[in-house]
C-alpha cells in the first residue's frame, strides 16, 4: 500500500514518479484485494479511477468501460461517447441492411447466417475496383474527368448500409484507430480536473493477449496520441508481462510481486477474525497452504473450537462448507458457484427458495469479487465447489445447469424482441446471454451442446479477436468444469489458436475446420468467415479456395458467390466477378443488393449499358435503394444526362439526407451544369457530415481553386492534409498540388508551394499536374532549365495538354528558343481554340510580340503571363478588374499593349467564328475568359488611350 500511496503523493512529471504498476502472483495471493485497496486509497485522495476485469475483451470495450466508470464520477468523455455512439449506429445500420438482403430464397438450400459486420467490413475494405477514396481532382486537362474518384462510401456495396463518409467507413473498419485518439483527448481533459486518473486492469493474464499492444501504444507510443502524465495504469495478473510486447519498456514498469502469507501473517489474519484455537489454526494453515483467499475464506466461517474441526482431512472449500452451520447459506454458496458470474437476478434464478434473501451475504464472502453489482467467485474456490457438486450428484448437476441455460435463453429471447436478427451478434447484451446459455448447456450435456457451441465460435470470430478469444476461453472453462476430455481438448485448441501472433481469427477458424465437430452448416459458415478474413488480409488465393469449398458444401449458396465475386474483383478479374454475381442473382433474383453490386463492377469493366440495366433493376426492386440510385446517377453524369443524375441523387438524399457521397456526386452534377454555387454548397455539406471528411475537403478545395478563391481553398486543403491517416490525403500527390497552387495564387509563398510540389512528385512520379505546376512556379523564379524539364515530364505521354504546352512555350521564349515556342503555342491554341492554322494566326504573332518587347518590359510581361497561368486554371474569374489593373500598373510599353490588344481581339473574333471541328466546351470556356478580359482592357484608361491613338 505504501508504494502506491507514496507514488500518488509525487508530482506526476517527476522522474521518480511511476505511472505503470504490474501486480503479479499466483491465483489466490490477493491481487484483486490489493488493487481494490489501491483503488479505494486513490479515491480517498481525490483521484478518479476505473477498475476493469476480463469482461472487457478488446480495446473498444475497455474504452467504453472506462468512459462509463469515469462518467459516474462526474468526468464524462463527451466527444468519445458521441463518436462511440456514431460507431455503434453506423455498425447497426450496416448490419440491419446486410441482414435484410441476405435471406435465402424460399425453397432453396439452407444459407449460412449473414456475416457479422466486423468480418464483412474487413473483408470488403479492399474493393479496389469500386474505389474507396477520391484520388484525383477535376483540374482541367490533367486527367480524364470520367476517372474522378467514386468517393469514400463506395464500400457501401459490401456493407449494404448507408456509410455517410470515408470517416464512417474507417471508423467501422478500424474502430480502435478511430476511437483511441478521441478517447485520449477526452481522458486528458478529465485528468486536468483531478490530481490522478488511475486505470486498473485486473485478471490481466486473461486480457493481456488482446490488450497488450494497445496498452503499450497508449502508454509509451505516439500511435494514437500522448497519455496524460497524471494517468496511472495498474496491471494485475498471474504471470510476467510478455517480453515480446513490453521488452523495450520493462524498465519503466514497477513490478509488485505477491506471495502466499507467511505463517505470521496468516496467524495475524486469523486472530483478527477471532480464530484463536491452536488446533483450528493449524488446520486452516494446512488446508489453505497460507493462500490468502483460502485463509480468509476459512477464517470467515469462524470455527470457534477444536470440537468444530473434526476430521482434519478434506479440502479448504469442503471445510468452509462444513464449518458454515446454516444449511441455507451452504446451499446458496454452492449454487452461486454454478454461473460464471451473477447479479441479483441470476442469484434468484439459481438459489434455492430457502436462500432467496441471502444475496447480500453471498456478496460479502471473502472469495467473491463484486464489480458494480456483478459478482464472481475466485477460481481457487469456485473450481472445487463445482467439482464437489458434479461428483456428488451428476443428475442434480445436469438439472441445475439446464435450468440456468433456460434462464439465460429466456433473457436472450427477450432481448431478441428489440434486436433484429442480423444485429444480434453485434449487441453486447444479447451476446452475453448467448455466451452464458451456451456455457450452461455445455456443462449440462457436453456432447449434445458442442456442435452448436462450435458454430457460435464461428460467429464470435466474425466479431474480432477479442470475442473469438472469449468464446475459446468459454469452451476451455466448460471443459475444465465438466472434466469432459473432448470439450477440454476443443477448449485447449481454440484457446491456443486465439493467442496466435499472426491472425488469431484465422487460426481459430483453422482449428475449427481442421478437426471433426462442426456440422455441415457450421463448416459452410466457417469457410465463408475464413474466406472473408483471408480476403481482408490480401490472401486472395486462400480466400478463393475457401469460397469455392463453400460452394462444394452448398452449390446454391448465394453469399459464397457474392464473396467470391468480390475477391475476383479485387484480383483484377471483373469478368469472373460478374459471372459469380450472375449466379447469385439466379439464386436470389429479388435481392436489389446484388444487382447494385453487379452494376458497380460492370462500370469498372466498361460495360456501362449492362451496369445501367442492373441499377434500373435494383431501383425497381427497391425504389429507396440509395446506393443503386447514386450508381445510376454517376452513369447519367458521365453520359451528360445531368438533370436525370440530379433527380436520382435527390431521391437518394430524400432517403438519407446525411449521405455524404450523394452530396458530393450531386456537387459534381452541378459543376457539369456550371451551377458553381450549388456545387460548392453540396461539396461543403459532404465535407461537414463526417467527423473530418478530409477527402471531401480536398475536393472542395479543388472546386474553390477553379473558382479563383485561393484563400478558401488553402484553408480547406490545409484541413484535409491535417488528417494523418495512412490512407488519407497525405498519402496522395493530388492534395499537395492543390495546396501548392493555392499558395502560388496568393502570391509571395512560392517556396512553400515548391515544397508541396516536391512532395507530390515524391508520392507520384507520374503526377503530370504536379510537374506542370512546378514548371510554372520554377519559370517565375527564373529556373528555366528545371522548368522546361518539368513541362517535358508533364507532357511525357504525348498528351496535348494546352496548359502545359503554354507553359513550356513561355519557357522557350525566355530561353530565346523562338521556333520551339511557336510550335508549343501553336499546338496549345490548336487544341484549346480549335482555330485553323493556329501557328500562323496566333502563335507566331504572339512569339514575335514577346520577342520584341520582353527586353524592355520584362516585369509587366512576366506579371501578365503569371496572371494568364492562374486564370486559365479557373472557370470563374472574381476580381478580374483588379488583377488586370495590377499588371497595367507596371506600365507596359504602348506598342506592346496595342499589339497585345490587337492579338486578343483577333483571337476572340476567331473563336466566335469557330470551325466545326472545334471542341465546343473548350471554345465556350475560352470565350468565357477572353471576352471579359478584353472588355476590362478596353475599359481601362490605358486601353481607351491606346484605342483612341489607333483610331486617330
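Numbering (the working numbering), first residue to last: 386 to 1337. Just so it is clear, CB atoms sit at the ideal spot from N, CA and C, and this is done for glycine as well.
| field | Cβ-Cβ distance between residue 447 and residue 644 below 8 Å | value | no
| Taking the C-alpha atoms as reference points, what is the distance between residue 930 and residue 916? | 8 Å
| Can you tell me whether DSSP reads residue 407 as helix, strand or coil? | strand
| query | Does the count of Cβ pairs from the stretch 1021 to 1035 and the stretch 1053 to 1070 closer than 8 Å reach three? | reply | yes
| query | Under 8 Å between the Cβ atoms of residue 433 and residue 579? | reply | yes
| Rounded straight-line distance, which links the Cα of residue 1068 to that of residue 1224 | Their Cα atoms are separated by approximately 41 Å.
| query | For residue 1082, which residues does DSSP report across the bridge? | reply | Answer by DSSP bridge pairing: none, since residue 1082 is not bridged.
| query | Between residue 748 and the rest of its own chain, which residues show a CB-CB distance below 7 Å, the 5 nearest in sequence each way excluded? | reply | 755, 760
| message | Using only CA atoms, which one of 588, 594, 654 lies nearest to residue 623? | response | Ranked by Cα distance from residue 623, the options 588, 594, 654 are led by 588.
| Would you call residue 661 buried or exposed, if buried means 16 or more other Cβ atoms sit within 10 Å of its Cβ? | Exposed: under 16 other Cβ atoms inside 10 Å.
| task | List the DSSP bridge partners of residue 584. | result | 435, 618
| request: Express the C-alpha separation of residue 972 and residue 946 in angstroms, rounding to a whole number. | output: 10 Å
| said: Within 10 Å of its beta-carbon, does residue 467 have 16 or more other beta-carbons around it, so buried, or fewer, so exposed? | reply: exposed
| Between the beta-carbon of residue 872 and the beta-carbon of residue 831, is there less than 8 Å? | yes
| message | I'd like the ranges of any alpha helix (DSSP H) spanning at least 4 consecutive residues and lying wholly in the stretch 846 to 931. | response | 850 to 867, 870 to 883, 889 to 899, 905 to 921
| message | Using 8 Å as the threshold, is the C-beta distance between residue 889 and residue 833 below it? | response | Not a contact, by the Cβ cut-off of 8 Å.
| Bridge-paired residues (DSSP) for residue 1217 | For residue 1217, which the question treats as bridged, DSSP gives no partner whatsoever.
| With distances taken from CA atoms, which of 637, 844, 1040, 828 is nearest residue 864? | The alpha carbon of residue 864 has as its nearest neighbour, out of 637, 844, 1040, 828, the alpha carbon of 828.
| task | Starting from the C-beta of residue 647, find all residues in its chain whose C-beta is less than 8 Å away, skip the five residues before and the five after it, and write them out in chain order. | result | 675
| said: Check whether the stretch 785 to 804 and the stretch 739 to 746 touch, using three or more Cβ-Cβ pairs below 8 Å as the test. | reply: no
| request: Tell whether a beta-carbon distance below 8 Å holds between residue 465 and residue 571. | output: yes
| task | Can you tell me which of the three DSSP states residue 640 falls into? | result | Of the three classes helix, strand and coil, the one that applies to residue 640 here is strand, per DSSP.
| request: Kindly indicate which three-state DSSP category residue 666 falls into: helix, strand or coil? | output: helix
| Which value, in whole angstroms, describes the spacing of the CA atoms of residue 488 and residue 963? | In this predicted model, residue 488 has a pLDDT of only 34, less than 50, meaning its place in the structure is not dependable enough to derive any value.
| Boundaries (first-last residue) of the beta strand (DSSP E) holding residue 753 | 753 to 756
| query | So what does residue 762 bridge to, in DSSP terms? | reply | 753
| DSSP state of residue 646, grouped into three classes? | coil
| Given residue 970 as reference, the closest of 959, 1046, 984, 726 once Cα atoms are compared | 984
| field | residue 531 - DSSP class collapsed to helix/strand/coil | value | With a pLDDT of only 27 at residue 531, under 50, the local geometry of the prediction cannot be trusted, and no value is derived from it.
| query | Which residues in the same chain as residue 1070 place their Cβ atom closer than 7 Å to its Cβ, once the five residues preceding and following it in sequence are excluded? | reply | The beta carbon of residue 1070 lies closer than 7 Å to those of 1048 in the same chain, with the five residues before and after it left out.
| Selection from 1168, 1221, 595, 1235 that minimises the alpha carbon distance to residue 1198 | With distances taken between Cα atoms, residue 1198 lies closest to 1235.
| query | Going by the beta-carbon positions, is the gap between residue 1255 and residue 1130 smaller than 8 Å? | reply | A contact, by the Cβ cut-off of 8 Å.
| query | By Cβ distance below 8 Å, which residues in the same chain neighbour residue 878 in space, the five residues on each side in sequence not counted? | reply | 896, 900
| In or out: residue 1011 buried (at least 16 other Cβ within 10 Å) or exposed? | buried
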